[in-house]
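Below is one structure; the comments refer to it alone.
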Amino acid sequence: MATVQWRPTVNALTTPVSYKMLFVPRNVVNTEELAARMAAALPNYSEEELRSILAIRNKIIQQSLINGEQVTEEGCFTYSLSFTAKLNSADDAPPSADQCLQVRIYASPPFVAKVRYAAQLERLSREKKLPLINTAEDTLFKLSDVLNPDSVLRLTGKDLAFDAEKGTGECVIAGTESGRAVQRRLNVTANSAIMLMPDIPAQSQPWNNEYIISVTTRYTAHGTPRTGIYERMLRTPLTIVLGDEAGILTGSDASAHVTVTGGAASADAKLRIQVVLDLQGERMLLSLLDMKEGGAAGAAVSVTQNGNYTLNGFAASTVSSLNITVNNYAGLWEMVRNDYSGRLIDVLDVKTA
Numbered sequence: 012m013a014t015v016q017w018r019p020t021v022n023a024l025t026t027p028v029s030y031k032m033l034f035v036p037r038n039v040v041n042t043e044e045l046a047a048r049m050a051a052a053l054p055n056y057s058e059e060e061l062r063s064i065l066a067i068r069n070k071i072i073q074q075s076l077i078n079g080e081q082v083t084e085e086g087c088f089t090y091s092l093s094f095t096a097k098l099n100s101a102d103d104a105p106p107s108a109d110q111c112l113q114v115r116i117y118a119s120p121p122f123v124a125k126v127r128y129a130a131q132l133e134r135l136s137r138e139k140k141l142p143l144i145n146t147a148e149d150t151l152f153k154l155s156d157v158l159n160p161d162s163v164l165r166l167t168g169k170d171l172a173f174d175a176e177k178g179t180g181e182c183v184i185a186g187t188e189s190g191r192a193v194q195r196r197l198n199v200t201a202n203s204a205i206m207l208m209p210d211i212p213a214q215s216q217p218w219n220n221e222y223i224i225s226v227t228t229r230y231t232a233h234g235t236p237r238t239g240i241y242e243r244m245l246r247t248p249l250t251i252v253l254g255d256e257a258g259i260l261t262g263s264d265a266s267a268h269v270t271v272t273g274g275a276a277s278a279d280a281k282l283r284i285q286v287v288l289d290l291q292g293e294r295m296l297l298s299l300l301d302m303k304e305g306g307a308a309g310a311a312v313s314v315t316q317n318g319n320y321t322l323n324g325f326a327a328s329t330v331s332s333l334n335i336t337v338n339n340y341a342g343l344w345e346m347v348r349n350d351y352s353g354r355l356i357d358v359l360d361v362k363t364a
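Going by this note's numbering, 205 is the number at position 194 of the sequence shown; the sequence numbering is gapless.
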């Protein structure tokens with residue numbers, strides 16, 4: 012029997028660094044493959060007939076949900092609907108369905124129990140003979156995954172060494188929207204660490220502050236180039252002038268997921284804004300943080316849809332509040348879940364004028 016394969020990967024939600032188990036699928040079973048396996052178990056039906064049955068089944072489940080029904084397959088799955096909407100009063104008009112209606116699929120406890128009982132786990136090695144970047148830290152702010160043009164970036168890992176002058180490798184910073192820059196201002200290029208003053212390529216919009224860093228090297232004189240890509244995105248600080256609108260918390264998109272529209276501050280300040288997914292509560296929690304990991308934090312604000320929100324500052328901060336508009340709730344949710352392991356932070360350089 013085949014095993015369930017997994018690989019340890021960095022958990023970005025913990026300090027100090029810990030690791031989580033990442034499922035590595037052996038294969039993706041599509042409709043054709045599923046029908047073929049069903050035909051092998053039910054020889055009286057052809058693959059084409061079973062594909063038609065599967066298609067009709069999915070349409071019936073979908074129509075049942077459209078009709079406001081819940082579908083329960085005993086011992087297997089439950090298909091249901093839920094809402095992600097916040098109403099200020101019970102009489103408020105709800106948002107449109109495309110903004111708040113969600114489809115949820117739950118596996119039944121007996122189904123899950125049988126999978127757990129029969130599955131055999133196989134650990135895949137995280138070790139590869141290629142550059143492995145474990146951490147990226149800005150040495151000025153002492154913050155992970157921050158790409159600061161005014162500081163030195165320190166990468167740690169394994170098998171990172173290369174000689175740029177001899178052409179045995181390179182370190183590259185690339186924007187997720189556009190732009191690519193080979194790094195020339197290298198202070199250290201050792202196997203366990205690289206230190207560099209980053210050359211950051213410009214991207215189309217000021218809120219496109221998301222970057223990927225990679226290291227390429229050759230381990231022998233005639234060896235093939237091996238490239239290691241850091242698993243986390245790096246983000247540059249964003250300048251926010253109170254009174255002007257500015258996009259934040261966005262990736263490569265042409266429009267900002269979130270916009271800062273105003274706020275109150277007694278002096279210029281640097282701080283961070285954080286988004287954490289609350290999967291159980293089906294909401295996002297936004298808050299302002301100081302510039303130290305695990306330091307002071309303002310009260311978290313629950314966000315469940317597009318709209319205007321006010322984030323309060325934290326103790327001793329010169330920024331007492333920040334007004335934001337969530338323009339694309341669904342896009343922000345997907346980005347934080349898929350690309351940031353449930354937690355996204357932007358560094359903001361807030362200017363009063």
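All C-beta atoms, glycine included, are put in the ideal place defined by N, C-alpha and C. From a predicted model like this one, the values you see are computed outputs, not experimental measurements.
Under 8 angstroms between the Cβ atoms of residue i and residue j?
{"i": "Gln216", "j": "Ala265", "result": "yes"}
{"i": "Leu143", "j": "Lys169", "result": "yes"}
{"i": "Thr42", "j": "Leu65", "result": "yes"}
{"i": "Tyr222", "j": "Ala185", "result": "yes"}
{"i": "Met146", "j": "Ser155", "result": "First, the amino acid is wrong: residue 146 is Thr here, not Met. Taking 8 angstroms as the Cβ cut-off, Thr146 and Ser155 qualify as a contacting pair."}
{"i": "Leu322", "j": "Gly309", "result": "yes"}
{"i": "Ser225", "j": "Thr235", "result": "no"}
{"i": "Thr336", "j": "Thr270", "result": "yes"}
{"i": "Gln131", "j": "Val15", "result": "yes"}
{"i": "Tyr117", "j": "Phe88", "result": "yes"}
{"i": "Arg13", "j": "Arg37", "result": "The question names Arg, but residue 13 in the sequence shown is Ala. Yes."}
{"i": "Leu141", "j": "Ala175", "result": "no"}
On a CA-only basis, which of the options is nearest residue i? Give me that one, please.
{"i": "Ala307", "options": "Ser328, Ser313 and Asn317", "result": "Ser328"}
{"i": "Ser93", "options": "Glu84, Ala104 and Ile77", "result": "Ile77"}
{"i": "Asp109", "options": "Tyr90, Tyr340 and Val15", "result": "Tyr340"}
{"i": "Leu136", "options": "Trp17, Pro160, Pro106 and Val114", "result": "Here residue 136 turns out to be Ser, not Leu, going by the sequence shown. When each option's Cα is compared against that of Ser136, the closest is Trp17."}
{"i": "Asn99", "options": "Met346, Ser313 and Asp161", "result": "Ser313"}
{"i": "Val82", "options": "Asp102, Met49 and Ser119", "result": "Ser119"}
{"i": "Lys362", "options": "Pro106, Thr272 and Asn317", "result": "Thr272"}
{"i": "Gln73", "options": "Val114, Ser29, Phe152 and Val123", "result": "Val114"}
{"i": "Phe325", "options": "Met302, Thr315 and Glu133", "result": "Met302"}
{"i": "Lys318", "options": "Ala13, Ala175, His268 and Ser91", "result": "Reading the sequence as shown, one finds Gly at residue 318 and not Lys. The candidate whose alpha carbon is nearest that of Gly318 is His268."}
{"i": "Glu304", "options": "Arg191, Thr228, Val157 and Lys70", "result": "Val157"}
{"i": "Lys97", "options": "Ile240, Cys111 and Ser75", "result": "Cys111"}
{"i": "Met244", "options": "Asp102, Asn349 and Gln291", "result": "Asn349"}
Where does residue i land, buried or exposed, given buried means 16+ other C-beta within 10 angstroms?
{"i": "Leu53", "result": "exposed"}
{"i": "Gln380", "result": "Any property of residue 380 remains undetermined from this structure, which presents the chain solely from 12 to 364."}
{"i": "Pro27", "result": "exposed"}
{"i": "Pro209", "result": "buried"}
{"i": "Asp357", "result": "buried"}
{"i": "Ile67", "result": "exposed"}
DSSP three-state call for residue i: helix, strand or coil?
{"i": "Thr247", "result": "coil"}
{"i": "Asp170", "result": "coil"}
{"i": "Gln194", "result": "coil"}
{"i": "Leu76", "result": "helix"}
{"i": "Tyr351", "result": "coil"}
{"i": "Asn69", "result": "helix"}
{"i": "Leu296", "result": "strand"}
{"i": "Ile261", "result": "The sequence given here has Thr at residue 261, not Ile. Coil, per DSSP."}
{"i": "Asp109", "result": "helix"}
{"i": "Gly254", "result": "coil"}
{"i": "Phe122", "result": "helix"}
{"i": "Tyr230", "result": "coil"}
{"i": "Ser331", "result": "strand"}
{"i": "Met32", "result": "strand"}
{"i": "Thr42", "result": "helix"}
In chain order, what residues of the same chain have a beta carbon less than 6 angstroms from the beta carbon of residue i, not counting five sequence neighbours either side?
{"i": "Asp360", "result": "Pro248, Thr250 and Lys281"}
{"i": "Glu188", "result": "Gln214, Ser215, Asn219 and Ser263"}
{"i": "Tyr230", "result": "none"}
{"i": "Tyr351", "result": "none"}
{"i": "Ala172", "result": "Thr200, Ala201 and Asn202"}
For residue i, which residues of its own chain have a beta-carbon under 7 angstroms away from its beta-carbon, when the five flanking residues on both sides are left out?
{"i": "Ala46", "result": "Glu58, Leu61, Arg62 and Leu65"}
{"i": "Arg165", "result": "Glu148, Thr150, Ala204 and Met206"}
{"i": "Met32", "result": "Trp17 and Pro19"}
Could you tell me whether any Cβ in chain B is nearer than 8 angstroms to the Cβ of residue i?
{"i": "Thr95", "result": "Absent from the structure: chain B. Only one protein chain is present."}
With a threshold of 8 angstroms on Cβ separation, who are the neighbours of residue i within its own chain once the five nearest residues in sequence on each side are excluded?
{"i": "Gln194", "result": "Glu181, Cys182, Val183, Ile184, Leu207, Pro209 and Asp210"}
{"i": "Ala311", "result": "Val287, Leu296, Leu297 and Ser298"}
{"i": "Ser332", "result": "Gly274, Ala275, Thr321, Leu322, Asn323 and Gly324"}
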